[in-house]
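To start, the structure under review is shown below, and the notes come after it.
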Amino acid sequence: MSDGILVIGTRRYSSWSLRGWLAVRLAGLDVREQVIPLADNGETAAIRTISPNGKVPYLEHQGIAVWESLAICEYCAELAPAGLWPADARQRAYARSIASEMHAGFRALRQAMPMNTGRDNRPLADGTTQGIDAEISRIDGIWTEARLDFGAGGPYLFGAAFGMADVMFAPIVSRFLSYGISPSPESQAYMTAVRTHPLVDEWYQKAAQEPKEWRQARFEELA
Ligand SMILES: N[C@@H](CCC(=O)N[C@@H](CS)C(=O)NCC(=O)O)C(=O)O
Numbered sequence: 001m002s003d004g005i006l007v008i009g010t011r012r013y014s015s016w017s018l019r020g021w022l023a024v025r026l027a028g029l030d031v032r033e034q035v036i037p038l039a040d041n042g043e044t045a046a047i048r049t050i051s052p053n054g055k056v057p058y059l060e061h062q063g064i065a066v067w068e069s070l071a072i073c074e075y076c077a078e079l080a081p082a083g084l085w086p087a088d089a090r091q092r093a094y095a096r097s098i099a100s101e102m103h104a105g106f107r108a109l110r111q112a113m114p115m116n117t118g119r120d121n122r123p124l125a126d127g128t129t130q131g132i133d134a135e136i137s138r139i140d141g142i143w144t145e146a147r148l149d150f151g152a153g154g155p156y157l158f159g160a161a162f163g164m165a166d167v168m169f170a171p172i173v174s175r176f177l178s179y180g181i182s183p184s185p186e187s188q189a190y191m192t193a194v195r196t197h198p199l200v201d202e203w204y205q206k207a208a209q210e211p212k213e214w215r216q217a218r219f220e221e222l223a
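Quick note on full-length UniProt numbering: the sequence shown kicks off at 1 and runs consecutively.
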């Protein structure tokens with residue numbers, strides 16, 4: 001018997017689900033997974049009956065309910081045997097700040113470039129706006145600064161450990177790869193490290209196995 005359930009949406013598109021799933025897997029929680037195909041209109045009825053905010057990811061672990069990806073990250077980090085936030089206070093503050101910045105922001109980019117794990121290196125036909133470019137530049141700045149200041153021990157934002165800040169930015173890496181965004185050399189190396197992380201790769205493989213009927217024209221036909 002498992003300790004609960006993690007409810008996620010279509011892996012191909014659900015960027016927030018990817019964050020929750022990575023956090024749960026990194027913490028090693030023994031929960032079963034329920035994948036609910038996302039509805040075309042962004043209001044999936046089945047999710048609304050399960051999750052208090054009507055969204056995925058939604059976690060129930062040992063009778064405790066947690067929703068909102070960042071809250072799930074914090075819950076998992078509390079339970080993780082090795083720290084999923086950096087041990088150093090200054091680095092931890094930076095990691096939490098950028099994770100919160102991600103959770104609350106980058107709306108123009110997220111709207112224009114929805115996650116689609118099946119799209120590879122194909123820029124938007126209409127190009128990007130100033131607003132999107134500013135967000136790309138800020139993300140590139142965050143990754144570059146973290147890598148240069150804190151990342152010496154390994155390929156991730158804070159070195160060897162793939163932690164919660166990486167979890168929060170993993171779907172952005174996916175978008176940059178899908179839409180052919182080329183940031184700084186430091187950021188590009190970081191993107192490769194995230195994409196090839198075993199858990200991220202597992203997510204991509206499972207996404208590729210999802211039924212074709214779950215695909216949505218609004219994402220697939222985005223030029
Ligand atoms: N702020 C939420 C956002 C979650 C979210 O928007 N999830 C989307 C899927 S990626 C969702 O459940 N949308 C409702 C739907 O498609 O029915 C979080 O951090 O978890």
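Cβ atoms here follow ideal geometry from the backbone N, Cα and C, with glycine treated the same way.
- Around P185, the same chain offers no residue with a beta carbon nearer than 6 Å, after the five sequence neighbours per side are excluded.
- With contacts defined by Cβ atoms closer than 9 Å, V7 and I36 form a contacting pair.
- Distance from the Cα of L22 is smallest, within the candidate group K55, A193 and D166, for D166.
- Between the C-alpha atoms of I181 and M1 there is a straight-line separation of about 43 Å.
- In terms of Cβ geometry, A112 and I139 do not form a close pair [threshold 9 Å].
- Taking each of G159, Q188 and L26 in turn and checking the Cα distance to I172, the smallest one comes out for Q188.
- Straight through space, the alpha carbons of K206 and I5 are spaced by roughly 18 Å.
- Closer than 8 Å to some heavy atom of ligand 1: that describes the Cβ of L38.
- The beta carbon of A125 lies closer than 8 Å to those of A223 in the same chain, with the five residues before and after it left out.
- In this structure A95 touches M164 by the C-beta definition: roughly 7 Å separates them, less than 8 Å.
- In this structure, the C-beta of K55 approaches ligand 1 to less than 8 Å from one of its heavy atoms.
- Collapsing the DSSP output to three states places Y13 in coil.
- In this model, T117 and E74 are separated by some 26 Å (Cα to Cα).
- Remark: the shortest separation between the CB of L6 and any heavy atom of ligand 1 does not fall under 8 Å.
- For the pair A152 and E145, the Cα-to-Cα distance works out to about 12 Å.
- Runs of the alpha helix (DSSP H) lying entirely within the UniProt domain "GST N-terminal" (4-84), each at least 4 residues long, are 15-27, 45-48 and 69-79 in chain order.
- Relative to Y179, the option among I136, W143 and F162 whose CA is nearest is I136.
- Here Y156 is bridged, per DSSP, to G159.
- For K206, the uninterrupted alpha helix (DSSP H) run begins and ends at P198 to A208, by DSSP.
- According to the DSSP assignment, Y94 belongs to the alpha helix (DSSP H) that extends over A89 to A104.
- Contact between the segment 14-31 and the segment 53-65 is present, with at least three C-beta pairs closer than 8 Å.
- A direct Cα-Cα distance of roughly 9 Å separates A93 from P86.
- In this structure, H103 has its CB closer than 8 Å to one or more heavy atoms of ligand 1.
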